[in-house]
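Per our numbering, the very first residue in the sequence shown carries number 129; after that it's consecutive.
Using N, Cα and C, we set each Cβ at its ideal position, and we do this for glycine too.
Report on the following structure.
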Amino acid sequence: MLAVLARLGFGLTLLAIFLASIAPGWLTPRLLHSHYLEHFAAFYVAACAGLAAMPRTHIRRIALGYLLFGLILAVTQYARGASLEVAIRNWVADAGGVVAALSPVVVERFRRLFAPRPS
Numbered sequence: 129m130l131a132v133l134a135r136l137g138f139g140l141t142l143l144a145i146f147l148a149s150i151a152p153g154w155l156t157p158r159l160l161h162s163h164y165l166e167h168f169a170a171f172y173v174a175a176c177a178g179l180a181a182m183p184r185t186h187i188r189r190i191a192l193g194y195l196l197f198g199l200i201l202a203v204t205q206y207a208r209g210a211s212l213e214v215a216i217r218n219w220v221a222d223a224g225g226v227v228a229a230l231s232p233v234v235v236e237r238f239r240r241l242f243a244p245r246p247s
C-alpha cells in the first residue's frame with residue numbers, strides 16, 4: 129500500500145511540475161516569495177517522492193532523470209520565448225532542489241563505508 133502511495137505521489141509531483149511549467153503565469157499560484165525558490169521546492173519534493181517511489185533504483189539514475197526533466201522544461205521555456213538567462217536560472221534552481229533532496233542519502237551511504245564493524 130505504501131509503495132502504491134509513493135508511486136502515486138511521484139507521478140503527481142511530475143505532473144504538477146509539468147503543468148505549472150506550461151501554464152500561463154497568471155494561472156499558477158505564487159506559493160513562495162521567489163520564483164526560483166518555487167523551482168527549488170518543487171524539485172526537492174519531487175526528488176523525495178522519487179526516492180520513496182523507486183527504492184531499488186540507483187540514486188545517480190534518479191538524479192540524472194530529474195536533471196534531464198528540468199533541462200527539458202528549461203529548453204521548452206526558452207523555445208517558448210523565455211530568455212536564456214531565465215531558462216538557465218530555472219534549471220539551476222531545479223538542480224539545487226534535486227541535490228538538496230538526495231544529499232542526505234548520499235552522505236548516509238558514505239558514512240556507512242566508515243562505520244565500525246561489529247567484532
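Where residue i and residue j are concerned, what is the direct C-alpha to C-alpha distance, given to the nearest angstrom?
| i | j | result |
| --- | --- | --- |
| residue 203 | residue 144 | 18 Å |
| residue 157 | residue 189 | 31 Å |
| residue 174 | residue 244 | 34 Å |
| residue 211 | residue 191 | 25 Å |
| residue 168 | residue 227 | 10 Å |
| residue 164 | residue 223 | 11 Å |
| residue 240 | residue 183 | 17 Å |
According to DSSP, simplified to helix, strand and coil, what is residue i?
| i | result |
| --- | --- |
| residue 133 | helix |
| residue 195 | helix |
| residue 175 | helix |
| residue 155 | coil |
| residue 140 | helix |
| residue 188 | helix |
| residue 149 | helix |
| residue 161 | coil |
To the nearest whole angstrom, what separates the beta carbons of residue i and residue j, a pair I think is in contact under 8 Å?
| i | j | result |
| --- | --- | --- |
| residue 178 | residue 238 | No, residue 178 and residue 238 are not in contact; Cβ-Cβ is about 20 Å, not under 8 Å. |
| residue 171 | residue 194 | 6 Å |
| residue 200 | residue 230 | About 19 Å separates the two Cβ atoms, so there is no contact after all. |
The alpha helix (DSSP H) that contains residue i, what's its start and end?
| i | result |
| --- | --- |
| residue 232 | 212-241 |
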